[in-house]
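Visitor: First residue of the sequence shown? That's 17 in our numbering, and the numbers climb one at a time after it.
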Amino acid sequence: MVRSGINLTRKHSSSLFNLPPAQPDIYYVGVDVGTGSARACLIDTNGIILGLAERPITRHELKANFITQNSTEIWNAICFCVKSCLRDSGVEPEHVFGIGFDATCSLVAISESTDLPVSVGPDFTDDKENIVLWMDHRAQEETDAINATGDKCLKYVGGQMSIEMELPKMKWLKHHKPGGITDCKFYDLADYLVHKATGLETRSFCSVVCKQGFVPLGVDGSETGWSESFLKSVDMDELIEDNFRRLGGVPGKNGVYLSAGDIVGKLNANAAEELGLTTECIVGSPVIDAYAGWVGTVAAQAEIVKLQQTEVQGKMITACGRLAAVAGTSTCHIAMTKEPCFVQGVWGPYKDVMAQGYWLAEGGQSCTGQLLAHVLSIHPASQELSRVAEASNLSKFDYLNLTLENLVLERHERSVVSLAKHMFFYGDFHGNRSPIADPRMKANIIGQSMDSSVQDLAIQYFAACEFIAQQTRQIVEEMEKSGHEISCIFMSGGQCRNGLLMRLLADCTGLPIVIPRYIDAAVVFGAALLGAAAAEDSVREFNSFKGRTRRESILSEKKKSQVSLHAHEDVISPYTQPSATSTTNLATLAYHAGSGGSHSHLAQEIDYFNQPTAPAPNSPLVQVAGSSALHDSENEESDDETLTFGSKHKVQQGLSQELHKLKLTKLTSISESGKNGAAVSHGDKLWKIMEKMTGPGKVIFPSEDSDPDRKLLATKYKVFLDQCYKQQEYRRMVDEIEKENLASVKA
């Protein structure tokens with residue numbers, strides 16, 4: 017399947033502000049490999065996606081818990097997608113200056129002697145099946161053996177390795193592969209793609225630190241990154257040979273390790289031909305897919321006073337306090353700090369994975385999007401919901417949101433939250449990843465009846481959304497107890513379209529929720545930003561050859577119009593701010609796609625995500641809270657006071673002027689920063705790229721503390737915690753008595 021954009025070459029185009037296009041011949045490609053598909057996007061220097069393509073990839077489960085993939089198939093899918101983006105956008109290959117990759121944290125096995133794929137089982141008959149997928153759970157015994165060592169390196173992966181990490185998979189291969197691993201070298205999938213693209217043996221800190229047990233130099237006395245004593249203790253001596261060559265080597269000796277977006281090198285001839293690019297294209301160091309979501313979202317420009325107060329323009333430290341929630345089937349929560357923060361049940365802290373000298377922590381919910389789908393599928397009214405939603409030309413979630421609103425009126429309830437006040441739902445169907453890290457946790461419901469109607473399904477669906485939001489609060493609170501300072505949550509993924517869920521997240525956590533312009537493409541967009549960061553020097557060299565007249569003309573026009581590079585002039589891509597599916601007052605993200613797109617009725621009415629337009633001659637440079645540009649009028653708020661999705665509250669409005677002043681003092685072009693001669697770290701370079709290209713975000717502010725729904729949700733949070741810990745207590749109680757029973761029977 018190919019999702020292609022309209023033919024948008026920018027060589028001869030002009031912006032909506034009638035300015036000459038900035039750097040019209042420079043583009044970047046991002047590649048994202050997920051569990052079920054490979055994707056690629058092509059962006060310009062303003063971060064506008066001009067081409068987007070996707071192709072399915074297969075996975076094989078020949079035996080329970082054994083799930084494999086084929087690196088050759090994945091590479092071919094990537095090449096197809098990149099070529100599709102070039103074709104559909106009309107961009108010439110020589111104008112693509114950089115490419116970045118992300119992928120799932122899956123283990124790739126390659127022959128050292130031939131550089132060809134090596135079979136990873138279960139029967140070892142097909143060398144093409146050389147990837148142990150991240151969700152492969154064959155290595156439970158190996159995982160237990162690794163964790164039993166209690167090695168100090170484990171504290172940097174949340175206290176114990178997950179079965180989904182890569183060292184347990186390598187250990188399994190040693191013990192089960194015919195001939196062992198003597199001819200194997202190993203890569204995380206993202207690192208393998210970079211190896212395939214360049215022929216180089218670099219590794220990314222993101223892959224080896226987060227998933228393989230590498231501890232960066234200087235951390236806890238680490239001198240080589242890899243621990244010889246630890247690997248010996250888990251019977252993996254083969255990985256120690258020749259300064260850990262099978263894992264990538266020792267930094268500064270036989271190994272090169274890079275942070276996100278660092279320069280790896282240029283595409284080699286084979287890769288350039290297969291991708292349809294040139295050997296002048298720069299490859300950036302990759303990241304795991306969830307971390308690309310962090311890159312693609314956390315620099316979104318949002319009207320949040322606290323963010324503006326702590327902003328240091330052009331510096332990666334600005335990212336600290338911005339929690340990225342990359343949501344899909346599950347949700348990953350990623351936060352950056354300058355100093356290490358150890359959080360129970362949260363993976364990390366990981367040093368240098370995104371930028372040198374910074375630490376990242378990764379929490380998560382194992383079941384979010386999948387939870388909502390499950391709740392809808394198992395209810396007796398599931399088929400009825402499908403029928404009536406289709407007949408109404410609505411998605412299932414839209415129909416349920418509308419049903420909830422109707423029930424409020426029919427039952428004379430104060431709000432949707434009060435409608436479900438006696439329903440308590442705990443949804444850890446697949447165990448708990450964060451913050452209690454208990455894989456034995458299960459779901460439970462209090463208040464369930466024998467009602468089999470769609471109305472009852474709507475209330476259970478609401479309760480499941482509430483659970484996701486309450487558990488997010490729990491994760492945030494645990495992170496804050498350990499030293500994180502979370503100021504807002506940057507969402508990405510399809511769940512962003514569910515206005516009900518976004519409102520609950522804001523009101524449960526008490527934090528602003530920021531929605532990016534690329535809901536479904538945030539991850540692949542983040543990968544493209546890695547390519548842009550790596551290619552920065554090449555772009556600067558290219559620009560130095562431009563004619564002075566044209567360059568000065570562009571700068572002059574920009575100065576006249578007083579438009580910051582943060583304002584994205586050409587929002588004409590069909591992938592920019594995609595239309596939301598929700599069409600209720602309660603659950604709406606009314607994106608629209610610029611000129612010529614088909615808008616929903618509500619999008620035309622409310623238009624919460626209005627596109628930037630050229631400022632009037634005497635207009636302020638910055639839109640502030642309450643401005644008409646966001647269409648958050650007092651009338652709209654009064655129409656739906658209980659759960660108005662787009663409303664801005666008086667507290668925020670009272671701070672708008674302060675925000676305005678802060679922005680005006682910082683309205684300096686990104687291109688001007690760093691001209692004082694001071695060295696700029698590559699992390700800061702990456703952040704500048706992110707600031708420039710990520711674009712605007714829509715903010716959902718929490719209701720005020722005194723809001724009745726906030727009070728009710730806070731009370732139900734106490735019930736949530738009780739359900740969480742009581743379940744563990746009950747399990748201990750029955751296990752203890754059953755242990756006594758078994759002992760008495762044997763006696």
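Heads up, the beta-carbon is just placed ideally off N, CA and C, and yes, glycines get one too.
From a predicted model like this one, the values you see are computed outputs, not experimental measurements.
Unbroken alpha helix (DSSP H) runs of length 4 or more, entirely within the segment 376–425: which are they?
Guide: 385–394 and 398–407
Visitor: Helix, strand or coil for V124, going by three-state DSSP, please let me know.
Guide: The residue given as residue 124 occupies position 108 in the sequence shown. Reduced to three states, the DSSP call for V124 is strand.
Visitor: Please name the residue, chosen from D467, V539, K190 and D207, that lies closest to S301 on a Cα-to-Cα basis.
Guide: The count along the sequence shown starts at 1 and reaches residue 301 at position 285. Closest by alpha carbon: D207.
Visitor: Are T347 and A341 closer than 9 Å when you measure CB to CB?
Guide: Sequence index remark: in the sequence shown, residue 347 carries index 331 (1-based). Sequence index remark: in the sequence shown, residue 341 carries index 325 (1-based). The Cβ-Cβ distance between T347 and A341 falls below 9 Å.
Visitor: Quick check on the DSSP output: the alpha helix (DSSP H) that includes M749 runs from which residue to which?
Guide: Translated into the one-based positions of the sequence shown, residue 749 becomes position 733. Counting along the chain, the unbroken alpha helix (DSSP H) around M749 starts and ends at P724 to K762.
Visitor: CA-CA distance, F290 and A453?
Guide: As a first step, residue 290 must be located in the sequence shown, where it is residue number 274. As a first step, residue 453 must be located in the sequence shown, where it is residue number 437. In the sequence as presented, Phe is not what sits at residue 290; that position holds Glu. The C-alpha of A453 is placed about 43 Å away from the C-alpha of E290.
Visitor: Would the beta-carbon of V210 fall within 9 Å of that of F96?
Guide: Walking along the sequence shown from the start, residue 210 turns up at place 194. Walking along the sequence shown from the start, residue 96 turns up at place 80. No, the Cβ-Cβ distance between V210 and F96 is not below 9 Å.
Visitor: How far does the beta strand (DSSP E) with H192 in it extend, from its first residue to its last?
Guide: Taking the first residue of the sequence shown as position 1, residue 192 is located at position 176. Looking at the DSSP string, H192 is not in any beta strand (DSSP E); the run it does join, the alpha helix (DSSP H), is L183 to H192.
Visitor: Which residue from K248, I531, T159 and T345 puts its Cα closest to that of A318?
Guide: Locating residue 318 in the sequence shown gives position 302, counting from the first residue. A318 has its Cα closest to that of I531, out of K248, I531, T159 and T345.
Visitor: Restricting to Cα atoms, I'd like to know which of I475, L216 and K497 is closest to Y434.
Guide: By one-based count along the sequence shown, residue 434 stands at place 418. It should be pointed out that residue 434 corresponds to Ser in this sequence rather than to Tyr. The shortest C-alpha separation from S434 is found at I475.
Visitor: Hey, how far is the Cα of L293 from the Cα of G542?
Guide: One-based indexing of the sequence shown puts residue 293 at position 277. One-based indexing of the sequence shown puts residue 542 at position 526. Going by the C-alpha atoms only, they are around 20 Å apart.
Visitor: Could you check what DSSP says for I716 in three-state terms: helix, strand or coil?
Guide: For the purposes of this step, residue 716 is taken as residue 700 along the sequence shown, with counting starting at 1. In this structure, I716 counts as strand in the three-state DSSP scheme.
Visitor: Less than 9 Å between the C-beta atoms of R338 and C504, yes or no?
Guide: As a position in the sequence shown, residue 338 is number 322, starting the count at 1. As a position in the sequence shown, residue 504 is number 488, starting the count at 1. Going by C-beta atoms, R338 is nearer than 9 Å to C504.
Visitor: May I ask you to report which of helix, strand or coil DSSP gives E707?
Guide: On the sequence shown, residue 707 is found 691 positions in, with the first residue counted as 1. Of the three classes helix, strand and coil, the one that applies to E707 here is helix, per DSSP.
Visitor: Based on Cα-Cα distance, which residue from K367, Y746 and R427 lies nearest to T353?
Guide: Stepping through the sequence shown from its first residue, residue 353 is reached at position 337. Comparing Cα positions, the closest option is K367.
Visitor: Compare the Cα-Cα distances from V112 to each of F558, G196 and D700 and report the closest residue.
Guide: One-based indexing of the sequence shown puts residue 112 at position 96. Ranking the options by Cα distance to V112, first place goes to F558.
Visitor: Taking buried to mean at least 16 other C-beta atoms within 10 Å of its own C-beta, is M749 buried or exposed?
Guide: On the sequence shown, position 733 is the one that residue 749 refers to. That one is exposed.
Visitor: Below 8 Å, how does it come out for the segment 519–526 and the segment 711–729: are there three or more Cβ pairs, yes or no?
Guide: With the cut-off at 8 Å, the segment 519–526 and the segment 711–729 touch.
Visitor: Taking all protein chains shown into account, do 16 or more other C-beta atoms lie within 10 angstroms of the C-beta of H191, making it buried, or fewer, making it exposed?
Guide: Here residue 191 corresponds to residue number 175 of the sequence shown, with the count starting at 1. Answer is exposed; the Cβ neighbour count stays below 16.
Visitor: Taking the alpha carbon of A548 as the reference point, which residue from A316, N259 and V311 has its own alpha carbon closest?
Guide: Residue mapping note: residue 548 aligns to position 532 of the sequence shown, counting from 1. If we check each option's Cα against that of A548, V311 comes out closest.
Visitor: Just to check my reading of the structure: G229 and L189 have Cβ atoms closer than 8 Å, yes? What is that Cβ distance to the nearest angstrom?
Guide: Taking the sequence shown and counting its residues from 1, one reaches residue 229 at position 213. Taking the sequence shown and counting its residues from 1, one reaches residue 189 at position 173. At roughly 16 Å, the Cβ-Cβ gap does not stay under 8 Å, so G229 and L189 are not in contact.
Visitor: Let me confirm a value: T74 is counted as buried when at least 16 other C-beta atoms fall within 10 Å, else exposed. Which label applies?
Guide: Here the question's residue 74 lines up with position 58 in the sequence shown. Label assigned to T74: exposed.
Visitor: With 16 other CB atoms within 10 Å as the buried threshold, where does S635 fall?
Guide: Here residue 635 is taken as the residue at index 619 of the sequence shown, counted from 1. Unreliable positioning characterises S635 in this predicted model, as indicated by a pLDDT of 30, which lies under 50. A coordinate reading is not provided.
Visitor: Are the beta-carbon atoms of A397 and W703 separated by less than 9 Å?
Guide: Locating residue 397 in the sequence shown gives position 381, where the first residue counts as 1. Locating residue 703 in the sequence shown gives position 687, where the first residue counts as 1. No, Cβ-Cβ distance for A397 and W703 is not below 9 Å.
Visitor: What did DSSP end up calling S434 once you bin it into helix, strand or coil?
Guide: Start at 1 with the first residue of the sequence shown, and residue 434 comes out as number 418. Note: S434 maps to helix in three-state DSSP.
Visitor: Report yes if the CB atom of M495 is closer than 9 Å to the CB atom of A351, and no otherwise.
Guide: One-based indexing of the sequence shown puts residue 495 at position 479. One-based indexing of the sequence shown puts residue 351 at position 335. Yes. Within cutoff.
Visitor: Which first and last residues belong to the beta strand (DSSP E) in which W363 is found?
Guide: Position 347 of the sequence shown holds residue 363. Residues W363 to K367.
Visitor: Just the Cα atoms here: how many angstroms apart are L728 and L425?
Guide: In the sequence shown, residue 728 corresponds to position 712, counting from 1. In the sequence shown, residue 425 corresponds to position 409, counting from 1. Cα to Cα, the separation comes out at about 19 Å.
Visitor: Drop a sphere of 10 angstroms on the beta-carbon of I462, count the other beta-carbons inside from all chains shown, and report buried for 16 or more, exposed for fewer.
Guide: Walking along the sequence shown from the start, residue 462 turns up at place 446. Exposed, by the Cβ-count rule.
Visitor: CB-CB under 8 Å to S402, same chain, minus the five flanking residues each way: which ones, in chain order?
Guide: One-based indexing of the sequence shown puts residue 402 at position 386. Correct list, in chain order: K412.
Visitor: Per DSSP, which residues does A764 bridge with? Please list them.
Guide: Outside the modelled stretch of the chain, which goes from 17 to 763, sits residue 764, for which no answer is possible.
Visitor: Where do the ends of the alpha helix (DSSP H) carrying A764 lie?
Guide: No answer is possible for residue 764: it lies beyond the span of the chain, which begins at 17 and ends at 763.
Visitor: Taking the beta strand (DSSP E) that L520 belongs to, which residues open and close that run?
Guide: For the purposes of this step, residue 520 is taken as the residue at position 504 of the sequence shown. Taken as a continuous stretch (DSSP letters only), L520 belongs to no beta strand (DSSP E), being part of the alpha helix (DSSP H) at G515 to T525.
Visitor: By how many angstroms is the C-alpha of Q511 removed from the C-alpha of G385?
Guide: Here the question's residue 385 lines up with position 369 in the sequence shown. Here the question's residue 511 lines up with position 495 in the sequence shown. Using only the alpha carbons, I get a separation of about 7 Å.
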